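J.: Its first residue numbered 0, the sequence shown is counted upward by one per residue in numbering that gives the first Met the number 0.
We put the CB at the ideal spot given by N, CA and C, even for glycine.
No experiment lies behind these values; they were computed from the predicted model shown.
To start, I am sharing the structure in question, which I have written as structure tokens.
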Amino acid sequence: MRVIISCLVFIFFSLSAMAQSFKSLSLVVDDTIMNISDKNKKVITINGQFPAPALHFTIGDTVEITVINKMHHETSIHWHGLILPNEQDGVPYLTTAPIKGMKKTCLSFHFKTNRNLLVPFSYHASRADRHVWGFYYS
0 MRVIISCLVF IFFSLSAMAQ SFKSLSLVVD DTIMNISDKN KKVITINGQF PAPALHFTIG
60 DTVEITVINK MHHETSIHWH GLILPNEQDG VPYLTTAPIK GMKKTCLSFH FKTNRNLLVP
120 FSYHASRADR HVWGFYYS
């Protein structure tokens with residue numbers, strides 16, 4: 000019985016280790032005019048999408064994200080439901096230096112959540128002078 004339990008534990012940890020990987024991606028933040036409910040609205044897109052695209056990570060992944068700000072004003076990416084280094088949390092001028100207009104930055108972290116593993120996370124753009132709504136994905 001002890002051998003079976005040891006084998007099951009070994010298999011579990013082996014599969015967990017194989018599921019972990021290195022993920023590298025770019026998020027291009029830009030503003031554009033989009034027709035929403037028959038009205039032209041200025042929206043912020045990520046990778047040309049509104050709402051922002053889904054990001055897929057596995058618990059334990061090492062994640063590297065390059066955020067490219069193509070707007071003329073500063074922005075940041077604020078994360079909900081993730082455990083990150085404080086300086087990467089994305090609240091401009093509070094925990095994170097904003098990404099200046101036409102500049103980029105790189106975030107690197109070990110993916111883990113601060114909740115039940117089945118709870119999704121979300122992210123959105125922020126500006127120090129206003130919060131940008133409508134820019135969520137969860």
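Taking buried to mean at least 16 other C-beta atoms within 10 Å of its own C-beta, is LEU93 buried or exposed?
T.: exposed
J.: Would you be able to state if there are at least three C-beta pairs under 8 Å between the stretch 52-60 and the stretch 85-92?
T.: no
J.: Compute the Euclidean distance between the alpha carbons of TYR122 and TRP78, then round it to the nearest angstrom.
T.: 4 Å
J.: Distance, Cα to Cα, LYS99 vs ALA124?
T.: About 13 Å.
J.: Confirm, please, whether the CB-CB distance from SER75 to THR95 is below 8 Å.
T.: THR95 places its beta carbon less than 8 Å from that of SER75.
J.: Relative to the alpha-carbon of LYS22, which residue among PRO97, THR61, LYS40 has its alpha-carbon at the smallest distance?
T.: Ranking PRO97, THR61, LYS40 by Cα distance to LYS22 puts THR61 first.
J.: Thinking C-beta only, is ILE32 closer than 8 Å to LYS41?
T.: Taking 8 Å as the Cβ cut-off, LYS41 and ILE32 qualify as a contacting pair.
J.: Starting from the C-beta of GLN19, find all residues in its chain whose C-beta is less than 6 Å away, skip the five residues before and the five after it, and write them out in chain order.
T.: Taken in chain order, the residues that qualify are GLY59, ASP60.
J.: Take HIS72 as the anchor and find which of GLU63, MET101, LYS38 has the nearest alpha-carbon.
T.: Minimum Cα distance to HIS72 is reached at MET101.
J.: Any idea which residues DSSP pairs ASN85 with across the strands?
T.: The partner list for ASN85 (beta bridge, DSSP) is empty, contrary to what the question assumes.
J.: List, from N- to C-terminal side, the beta strand (DSSP E) runs of 3 residues or more that fit wholly inside the stretch 34-77.
T.: 38-45, 61-68
J.: Is any beta-carbon of chain B found at less than 8 Å from that of ASP29?
T.: Going by chain labels, chain B is absent from the structure shown, which holds only one protein chain.
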